[in-house]
Amino acid sequence: MELFSDDDELNPGAFMWIEGDSLAPPCQSDRDVVSKIVEIAKLSPHDVLFDLGCGDGRICIEAAERFGARARGVEIEEFLIKRFRELIVANGLQQLVSVSHGDLLEEDLSDATVIVTYLLPDALDQLTPKFTKLLSQTDKDVRIICNTWGIRGLTPDERIDAGPYGNVPLFVYRSRGRCPGNEPKQT
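In terms of this note's numbering, the sequence shown opens at residue 283 and continues consecutively.
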């Protein structure tokens with residue numbers, strides 16, 4: 283069964299989007315980008331992935347199916363949450379994948395080992411203190427992958443161009459897990 287048909291690429295809420303009214307752009311990540319994100323996250327069954335502004339959950343679903351990782355999506359749009367929940371059940375992933383309806387800025391990320399975002403720069407700015415704290419941890423390996431926009435004030439450990447034309451930048455930030463004294467790079 284194909285997870286996402288071409289019809290899923292259309293976002294019924296996009297026509298209602300007003301710049302400045304949202305933390306995320308009104309579009310999903312392309313399938314090629316989703317695959318690249320879960321590959322570069324180097325996921326394992328021991329990981330807990332959070333997708334902030336998860337949309338229809340395609341990253342969470344792929345992370346669980348391909349790597350057995352636990353995944354949690356956070357989304358505010360009801361129609362996307364409904365679609366995500368349908369996909370969780372259709373793919374038998376109730377034990378690995380969940381979605382919460384809420385404000386991604388308020389989400390407790392303390393369990394996360396991988397965080398994925400496709401958020402606008404202003405939203406990333408609001409999350410920077412949380413991200414910096416997570417990346418400074420020395421007791422676990424944390425990876426943050428940002429689609430299109432990076433975290434201002436932090437230098438990514440890696441930038442990877444993804445998508446069918448290589449035109450989607452992915453910014454990868456890694457904690458210095460288990461290496462005291464290594465903090466995220468400041469710019």
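From the three backbone atoms N, C-alpha and C, an ideal C-beta is built for every residue, glycine too.
Here the structure is a predicted model, which is why all the values come from computation and not from measurement.
Here's the rule: buried if 16 or more other CB atoms are within 10 angstroms of the residue's CB, otherwise exposed. What is S311? The residue labelled residue 311 in the question sits at position 29 within the sequence shown. S311 should be labelled buried.
Pull up the CB-CB distance for L305 and L416, whole angstroms please, since I reckon it's below 8 Å. Against the sequence shown, residue 305 aligns to sequence position 23. Against the sequence shown, residue 416 aligns to sequence position 134. Their Cβ separation, rounded to whole angstroms, is 18 Å, which puts L305 and L416 out of contact at 8 Å.
Assigned secondary structure, L305 (DSSP; H/G/I helix, E/B strand, else coil): Numbered from its first residue, the sequence shown carries residue 305 at position 23. Coil, per DSSP.
Assuming V398 contacts I433 (C-beta within less than 8 Å), just tell me the rounded distance between them. In the sequence shown, the residue the question calls residue 398 occupies position 116. In the sequence shown, the residue the question calls residue 433 occupies position 151. That belief does not hold up - the Cβ atoms of V398 and I433 are roughly 13 Å apart, past 8 Å.
Does the separation of the CB atoms of T410 and G435 fall below 8 Å? Reading the sequence shown from its first residue, position 128 is the one you call residue 410. Reading the sequence shown from its first residue, position 153 is the one you call residue 435. Going by C-beta atoms, T410 is nearer than 8 Å to G435.
Near R354, which residues of its chain fall below 6 Å by C-beta distance, leaving aside the five closest residues on each side in sequence? Here residue 354 is taken as the residue at index 72 of the sequence shown, counted from 1. These residues qualify, in order along the chain: F332 and S380.
Starting from T399, follow the beta strand (DSSP E) in both directions and report where the run begins and ends. To locate residue 399, count along the sequence shown from 1; it is residue 117. Note, T399: beta strand (DSSP E), V396 to T399.
Is it the case that the Cβ atoms of V454 and E440 are separated by a distance below 8 Å? In the sequence shown, counting from the first residue as 1, residue 454 sits at position 172. In the sequence shown, counting from the first residue as 1, residue 440 sits at position 158. Cβ atoms of V454 and E440: closer than 8 Å.
Under three-state DSSP, which class holds M298? Within the sequence shown, numbered from 1, the residue matching residue 298 stands at position 16. Bear in mind that a pLDDT of 45 at M298, under 50, signals an unreliable position, so the model cannot answer this.
Given P327, which residues of its chain have a CB within under 6 Å of its CB, disregarding the five upstream and five downstream residues? Start at 1 with the first residue of the sequence shown, and residue 327 comes out as number 45. These residues qualify, in order along the chain: G350.
Any non-hydrogen atom of the ligand ADP closer than 7 Å to R313 Cβ: Because no ligand of any kind appears in the structure shown, any question about the ligand ADP cannot be addressed here.
Is it buried or exposed, K318, if we count other Cβ atoms within 10 angstroms and call 16 or more buried? Position 36 of the sequence shown, counting from 1, holds the residue named residue 318. With 16 or more other Cβ atoms within 10 Å, it is buried.
Just to confirm my understanding: we take D407, look at its own chain, exclude 5 residues before and 5 after, and list those with CB closer than 7 Å. What are they? Position 125 of the sequence shown holds residue 407. Cβ neighbours of D407 beyond the five flanking positions: R434.
Per DSSP, what are the beta-bridge partners of R425 in this structure? Walking along the sequence shown from the start, residue 425 turns up at place 143. Looking at the DSSP assignment, R425 forms a beta bridge with V396 and R456.
Using the Cβ count rule (16 or more neighbours within 10 Å means buried), how would you classify P472? The requested residue 472 does not occur in the structure, where the chain is confined to residues 283 to 469.
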